[in-house]
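Step one of this worksheet: look at the structure below.
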Amino acid sequence: MVTALARGLKDKEVVIMGAFSALPMLASRVAQLTHAPNLTFICGGSGAVNPVLEPLPYSSCDDRLLKAECIYPLPDVIDLEARPEIDVFFAGGLQIDAKGSCNLVGIGEPGQLKLRGPGSVGLPFLSRARRFIIYSMAHNTRNFVPEVDFISGPGFIDQEVLSSGPSMVVTPLCVMDFENKKMRLKSLHPRVTVEMVTENTGFDLIIPSDVGETPLPTQEELMHMRRIDPMGAARDSVQ
Amino acid sequence: MVTALARGLKDKEVVIMGAFSALPMLASRVAQLTHAPNLTFICGGSGAVNPVLEPLPYSSCDDRLLKAECIYPLPDVIDLEARPEIDVFFAGGLQIDAKGSCNLVGIGEPGQLKLRGPGSVGLPFLSRARRFIIYSMAHNTRNFVPEVDFISGPGFIDQEVLSSGPSMVVTPLCVMDFENKKMRLKSLHPRVTVEMVTENTGFDLIIPSDVGETPLPTQEELMHMRRIDPMGAARDSVQ
Amino acid sequence: MAREEKVIGVDEAVERFVQDGCVLGVGGMHMHNNAMAVIREIIRQKKRIKRLVTSPSACTNADMLIGAGLVEEIYCSYVGFEHLGLALNFRKFAESGQLRVRECDEAFSVYSLRGGASSLPFHPLPKGLETTSVPKLNQEDYKVTKDPFTGEDVLCVRSVQPDVSIVHCQKADAYGNAIFEGSKFTDFDMIKASDKVILQVEEVVPNEYVLQKSHRIDVPGMLVDAIIDAPFGCHPTASHKYYTYDEDHLKEYLKASKEDFSVYLDKYVYGIKTNEDYLEVIGGREKATQLMERDIPW
Amino acid sequence: MAREEKVIGVDEAVERFVQDGCVLGVGGMHMHNNAMAVIREIIRQKKRIKRLVTSPSACTNADMLIGAGLVEEIYCSYVGFEHLGLALNFRKFAESGQLRVRECDEAFSVYSLRGGASSLPFHPLPKGLETTSVPKLNQEDYKVTKDPFTGEDVLCVRSVQPDVSIVHCQKADAYGNAIFEGSKFTDFDMIKASDKVILQVEEVVPNEYVLQKSHRIDVPGMLVDAIIDAPFGCHPTASHKYYTYDEDHLKEYLKASKEDFSVYLDKYVYGIKTNEDYLEVIGGREKATQLMERDIPW
Numbered sequence: 038m039v040t041a042l043a044r045g046l047k048d049k050e051v052v053i054m055g056a057f058s059a060l061p062m063l064a065s066r067v068a069q070l071t072h073a074p075n076l077t078f079i080c081g082g083s084g085a086v087n088p089v090l091e092p093l094p095y096s097s098c099d100d101r102l103l104k105a106e107c108i109y110p111l112p113d114v115i116d117l118e119a120r121p122e123i124d125v126f127f128a129g130g131l132q133i134d135a136k137g138s139c140n141l142v143g144i145g146e147p148g149q150l151k152l153r154g155p156g157s158v159g160l161p162f163l164s165r166a167r168r169f170i171i172y173s174m175a176h177n178t179r180n181f182v183p184e185v186d187f188i189s190g191p192g193f194i195d196q197e198v199l200s201s202g203p204s205m206v207v208t209p210l211c212v213m214d215f216e217n218k219k220m221r222l223k224s225l226h227p228r229v230t231v232e233m234v235t236e237n238t239g240f241d242l243i244i245p246s247d248v249g250e251t252p253l254p255t256q257e258e259l260m261h262m263r264r265i266d267p268m269g270a271a272r273d274s275v276q
Numbered sequence: 038m039v040t041a042l043a044r045g046l047k048d049k050e051v052v053i054m055g056a057f058s059a060l061p062m063l064a065s066r067v068a069q070l071t072h073a074p075n076l077t078f079i080c081g082g083s084g085a086v087n088p089v090l091e092p093l094p095y096s097s098c099d100d101r102l103l104k105a106e107c108i109y110p111l112p113d114v115i116d117l118e119a120r121p122e123i124d125v126f127f128a129g130g131l132q133i134d135a136k137g138s139c140n141l142v143g144i145g146e147p148g149q150l151k152l153r154g155p156g157s158v159g160l161p162f163l164s165r166a167r168r169f170i171i172y173s174m175a176h177n178t179r180n181f182v183p184e185v186d187f188i189s190g191p192g193f194i195d196q197e198v199l200s201s202g203p204s205m206v207v208t209p210l211c212v213m214d215f216e217n218k219k220m221r222l223k224s225l226h227p228r229v230t231v232e233m234v235t236e237n238t239g240f241d242l243i244i245p246s247d248v249g250e251t252p253l254p255t256q257e258e259l260m261h262m263r264r265i266d267p268m269g270a271a272r273d274s275v276q
Numbered sequence: 010m011a012r013e014e015k016v017i018g019v020d021e022a023v024e025r026f027v028q029d030g031c032v033l034g035v036g037g038m039h040m041h042n043n044a045m046a047v048i049r050e051i052i053r054q055k056k057r058i059k060r061l062v063t064s065p066s067a068c069t070n071a072d073m074l075i076g077a078g079l080v081e082e083i084y085c086s087y088v089g090f091e092h093l094g095l096a097l098n099f100r101k102f103a104e105s106g107q108l109r110v111r112e113c114d115e116a117f118s119v120y121s122l123r124g125g126a127s128s129l130p131f132h133p134l135p136k137g138l139e140t141t142s143v144p145k146l147n148q149e150d151y152k153v154t155k156d157p158f159t160g161e162d163v164l165c166v167r168s169v170q171p172d173v174s175i176v177h178c179q180k181a182d183a184y185g186n187a188i189f190e191g192s193k194f195t196d197f198d199m200i201k202a203s204d205k206v207i208l209q210v211e212e213v214v215p216n217e218y219v220l221q222k223s224h225r226i227d228v229p230g231m232l233v234d235a236i237i238d239a240p241f242g243c244h245p246t247a248s249h250k251y252y253t254y255d256e257d258h259l260k261e262y263l264k265a266s267k268e269d270f271s272v273y274l275d276k277y278v279y280g281i282k283t284n285e286d287y288l289e290v291i292g293g294r295e296k297a298t299q300l301m302e303r304d305i306p307w
Numbered sequence: 010m011a012r013e014e015k016v017i018g019v020d021e022a023v024e025r026f027v028q029d030g031c032v033l034g035v036g037g038m039h040m041h042n043n044a045m046a047v048i049r050e051i052i053r054q055k056k057r058i059k060r061l062v063t064s065p066s067a068c069t070n071a072d073m074l075i076g077a078g079l080v081e082e083i084y085c086s087y088v089g090f091e092h093l094g095l096a097l098n099f100r101k102f103a104e105s106g107q108l109r110v111r112e113c114d115e116a117f118s119v120y121s122l123r124g125g126a127s128s129l130p131f132h133p134l135p136k137g138l139e140t141t142s143v144p145k146l147n148q149e150d151y152k153v154t155k156d157p158f159t160g161e162d163v164l165c166v167r168s169v170q171p172d173v174s175i176v177h178c179q180k181a182d183a184y185g186n187a188i189f190e191g192s193k194f195t196d197f198d199m200i201k202a203s204d205k206v207i208l209q210v211e212e213v214v215p216n217e218y219v220l221q222k223s224h225r226i227d228v229p230g231m232l233v234d235a236i237i238d239a240p241f242g243c244h245p246t247a248s249h250k251y252y253t254y255d256e257d258h259l260k261e262y263l264k265a266s267k268e269d270f271s272v273y274l275d276k277y278v279y280g281i282k283t284n285e286d287y288l289e290v291i292g293g294r295e296k297a298t299q300l301m302e303r304d305i306p307w
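Protein chains in written order, with the numbering used here: chain A, 38 to 276; chain B, 38 to 276; chain C, 10 to 307; chain D, 10 to 307.
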């Protein structure tokens with residue numbers, strides 16, 4: 038997952054992530070240490086810009102992030118999220134749908150939620166990031182649904198937004214992208230089959246003829262990951 | 038002048054001043070060292086809160102103000118000026134009128150100014166300070182006028198404002214206050230006569246029967262002034 | 010005359026500044042810098058909270074007050090425990106309708122406080138945020154006006170000014186001039202927007218310390234009404250650069266809030282008198298040392 | 010691959026980032042932290058400024074560009090020299106109509122940039138500011154909308170986003186992570202609001218220096234496009250904690266702007282090639298020492 042996320046980032050991009058983001062933090066740092074030395078990444082609530090991540094913490098607001106190039110106050114981070122500076126936003130949700138919308142409000146009807154979610158936090162800013170990458174620690178029919186009950190972060194919706202939308206989805210099973218604004222399988226992680234993915238997805242995923250295998254980390258990437266994350270914070274995140 | 042200004046401040050008040058304010062800076066610090074230990078004063082553009090003023094600088098943004106309890110960023114100072122926290126605002130202008138309005142825009146007609154003033158800066162916030170004190174480095178018929186050409190800071194105007202308005206005016210000649218929203222002579226500085234004041238005021242000042250003499254500084258006040266302002270920055274301000 | 014100091018006891022601070030039925034702000038974010046010593050005292054004094062205002066990501070600071078049954082409604086951008094899971098008191102009270110949720114998002118949390126801090130009647134939002142479900146779920150706090158320059162519709166949020174806020178800083182002098190030693194989160198805007206501010210600190214430093222680094226002082230004392238000297242007062246959350254969060258304790262908390270939360274409250278809140286007693290109950294010096302001993306990269 | 014550094018020559022920075030006809034922001038306030046090395050280069054390259062944006066109190070940073078005949082219009086809250094008197098180029102060009110003045114005030118300066126920084130279409134003002142002459146004199150930039158929560162009229166200002174801003178910080182690393190060693194004035198909001206940022210600094214520090222004090226870094230490098238290493242680059246204004254303003258020089262400047270300003274420009278701007286040459290012309294090491302030698306209270 039880390040490798041797929043890291044390779045989804047380009048040099049000179051500005052990348053931002055929110056809560057529960059050991060995985061995108063690690064991916065961003067690995068990208069920076071390999072193919073994207075001019076990447077800037079911002080760890081949400083802490084405001085840490087380009088933290089060295091030695092070691093990678095579990096919490097996005099941890100003071101281990103303070104060894105960084107700047108601790109940018111959160112209100113200023115939010116201002117930045119509204120500016121065209123952000124190239125990539127990492128997103129997720131209780132529910133993710135075929136068009137890439139994410140939901141953290143809850144599951145059920147308004148006023149009669151079966152599951153009250155934590156709340157939408159920064160996901161509404163997906164409408165303004167150049168593009169966004171969805172990552173999910175689980176892949177099953179409960180979280181990959183035909184249509185989200187509530188839109189916290191808009192994917193390809195009917196209304197026009199500034200963002201070009203979601204570009205990639207990474208789960209413990211596979212990597213997906215979008216074709217005509219609908220989710221499409223792109224590559225399978227080792228030992229995962231197309232059937233395992235379709236069985237665990239609550240909608241008809243586009244399955245192209247040339248589904249590849251998700252590339253494995255290089256020796257260099259592995260070395261960085263092990264050094265940055267000796268505690269296994271990123272691995273622990275995956276259910 | 039310093040003594041009159043200092044005694045116009047009460048303990049626990051929050052006081053703010055803008056450009057060209059050696060005089061109110063010194064007055065505030067003297068007040069703090071004598072009768073108002075819980076006074077807070079903020080030196081405009083520098084953002085210095087409670088600077089020790091050793092020594093008193095000429096410029097309101099001087100880095101000599103950095104020995105202070107906080108350098109509050111200017112945008113935050115402006116936010117504060119809009120809050121009910123500010124008790125006293127020090128004001129002045131190219132023109133000051135009988136109702137205590139101040140003008141820094143210029144003199145003449147819009148689009149055909151005879152004198153282009155520097156601009157209104159923070160004076161519009163006079164509408165929100167609990168009260169304000171006007172100080173002027175000169176007292177003549179050119180700057181004390183019946184009605185200002187432009188309102189940079191509103192005195193007693195027809196529109197309702199949050200402020201209770203101007204409470205005191207201090208010049209090199211005298212101290213004035215307000216009666217029924219019009220300026221009134223309160224006390225004369227040593228060696229100044231009522232005639233000297235009326236001749237140098239461009240409108241009919243209210244002259245009560247009991248015009249007093251402006252109190253002289255006490256030994257304690259004098260000692261503080263000499264220690265804080267050995268260069269004479271405050272004295273140099275007066276024309 | 011002498012200058013008055015603002016350091017007082019937590020019981021006195023809560024009695025004086027937290028009124029029944031108030032709009033309460035609580036600072037900190039996720040499991041960091043939650044001013045728990047003051048929040049526990051609010052629970053002990055059973056102060057009823059009309060409306061709770063938090064940073065964009067609230068944690069036990071909100072969940073514990075909710076679990077104690079004291080909160081009527083909350084502006085909710087996020088209440089949870091990040092990698093440790095959902096906030097179960099919040100879930101229970103929200104799902105059952107005992108807690109009214111005013112749905113919001115990070116933009117609301119930030120701009121409503123900034124509007125409050127600047128005495129603005131409302132705060133506009135950047136374009137795009139009208140596309141989510143949030144403004145539709147909360148038409149009381151999100152409304153549309155016209156951009157007077159273009160005539161276009163613009164979504165706005167209500168400005169928020171808490172009656173009183175509880176914020177944790179690492180250091181302050183006795184007059185309230187305070188320093189955040191790590192992340193500030195949205196605490197500074199909360200302080201600016203609030204009518205009264207109770208500041209919980211790890212340590213009270215001399216005024217001379219403040220004068221030497223004035224341009225690194227984050228909060229001028231005039232904004233602070235009471236200072237609570239409470240070392241380890243953020244436990245079980247972290248205080249940046251002082252100690253980390255107590256993961257074992259947070260797991261015990263989450264387990265209790267799944268089962269019977271009153272057991273937790275009895276043991277750690279109602280049964281406790283002073284901050285010193287609390288530190289004993291959570292594990293004393295050994296626990297404190299454990300939370301402080303870390304590989305610190307800075 | 011290696012990370013790219015952003016330190017470049019002032020001539021290259023102005024060529025690349027200051028376009029003819031741009032909206033230009035200039036930082037600093039009164040006679041402090043004016044980024045004069047860059048401003049002198051703008052004059053040498055005769056870049057025409059469509060609209061000048063300043064802090065609430067501009068000084069020689071605005072007056073010199075105006076005196077060089079390069080500025081079409083200015084958002085004016087204040088242009089002057091504080092205790093040294095009025096800005097005479099500004100007066101002359103404004104009174105003769107050669108300079109268009111968009112009348113404004115400190116609230117406009119602060120909130121228009123904050124609106125720009127937050128990508129808001131406009132920024133509301135606190136009540137009361139509609140009572141002065143300023144909004145009446147500038148109905149282009151001050152307009153009224155409805156508070157959607159109360160239906161009341163609210164005065165608003167236009168948001169401002171300069172095409173490029175010129176700001177002075179005391180320190181930055183080669184990637185633009187920068188520190189204000191004294192007052193920040195409104196420079197930080199100006200940086201946030203601007204499309205491009207040229208940062209003039211007293212000294213370039215190692216990245217390791219920045220990593221050790223990350224929570225005291227005021228500007229993250231991603232906001233900075235070019236760094237100009239210009240010791241004494243604020244002269245004749247001050248650079249906080251480095252040197253004070255040159256009062257003798259400012260008096261010479263004011264005298265020249267009263268008489269024939271081209272004499273001043275020829276001597277100190279057009280006739281100069283490098284920052285080192287400039288430092289020689291203003292008095293060399295002796296002058297520098299004099300401006301640095303002060304009783305420093307911090």
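For every residue, glycine included, the Cβ atom is placed at its ideal position computed from N, Cα and C. As the structure is a computational prediction, the values presented were derived from the model and not from experiment.
Determine the burial state of K151 (chain B): buried for a count of at least 16 other Cβ atoms within 10 Å of its Cβ, exposed for fewer. Label assigned to K151 (chain B): exposed.
Looking at the strands, I want to know which residues DSSP matches up with I170 (chain B). B:F127, B:M205
Suppose you measure from the CA of K104 (chain B) to the CA of S164 (chain B); what does that come to, to the nearest Å? 31 Å
Closer than 7 Å by beta-carbon distance: list the chain A residues that pair up with A239 (chain D), in chain order. Residues of chain A whose Cβ lies closer than 7 Å to the Cβ of A239 (chain D) do not exist; the shortest such Cβ separation is about 22 Å.
How many whole angstroms separate the CB atoms of T63 (chain C) and P161 (chain A), which I take to be in contact at a CB cut-off of 8 Å? At roughly 17 Å, the Cβ-Cβ gap does not stay under 8 Å, so T63 (chain C) and P161 (chain A) are not in contact.
Helix, strand or coil at E216 (chain A) according to DSSP, with G and I counted as helix: strand
Given 8 Å as the limit, is there contact between the segment 244–252 of chain B and the segment 46–53 of chain B, that is, 3 or more CB pairs closer than that? no
Given that a residue counts as buried once 16 or more other Cβ atoms are within 10 Å of its Cβ, and exposed if not, what is K145 (chain D)? exposed
Is K201 (chain D) buried or exposed, if buried means 16 or more other CB atoms sit within 10 Å of its CB? buried
Measuring alpha carbon to alpha carbon, tell me which of D:E50, D:F241, D:V206, D:D275 ends up nearest Q299 (chain D). D:F241
Close beta carbons around V20 (chain C), own chain, < 7 Å, minus the five adjacent residues each side: The residue asked about is misnamed: residue 20 (chain C) is Asp in this sequence, not Val. Answer for D20 (chain C): E50, listed in chain order.
Round the Cβ separation of S266 (chain D) and G89 (chain D) to the nearest angstrom and send it over; I've been treating them as touching at under 8 Å. Rounded to the nearest angstrom, the Cβ distance from S266 (chain D) to G89 (chain D) is 12 Å, too far for a contact under 8 Å.
On the three-pair Cβ rule with 8 Å, is the segment 180–196 of chain B touching the segment 58–73 of chain B? no
Check each candidate in C:T69, C:A67, C:Q28 and name the one with the smallest Cα separation from S57 (chain C). Before going on, a small fix: residue 57 (chain C) reads as Arg here, not Ser. If we check each option's Cα against that of R57 (chain C), C:Q28 comes out closest.
Selection of the segment 151–175 of chain A by Cβ proximity to chain C, strictly under 9 Å: K151, L152, R153, G154, P155, G156, S157, V158, G159, L160, P161, F162, L163, S164, R165
Reduced DSSP secondary structure (H/G/I, E/B, other) of Y254 (chain C): coil
Reference L102 (chain B); option with closest CA among C:D234, C:Q221, C:E261: Taking only the C-alpha atoms, the option nearest L102 (chain B) is C:Q221.
Contact check, A239 (chain D) vs N284 (chain D), beta carbons under 8 Å: Yes, Cβ-Cβ distance for A239 (chain D) and N284 (chain D) is below 8 Å.
Spatial neighbours of D124 (chain B) in its chain, beta-carbon cut-off 6 Å, leaving aside the 5 residues before and after: Result list for D124 (chain B): E50, V51, R167, in chain order.
Pairwise C-alpha distance: F102 (chain D) and M199 (chain D): 25 Å
Determine contact between the segment 177–188 of chain B and the segment 138–148 of chain B, defined as no fewer than three beta-carbon pairs at a distance below 8 Å. yes
With a cut-off of 8 Å, does the C-beta of S105 (chain C) fall near any C-beta of chain B? no
With distances taken between CB atoms, is the gap from K34 (chain D) to S192 (chain D) smaller than 8 Å? It should be pointed out that residue 34 (chain D) corresponds to Gly in this sequence rather than to Lys. Contact: no.
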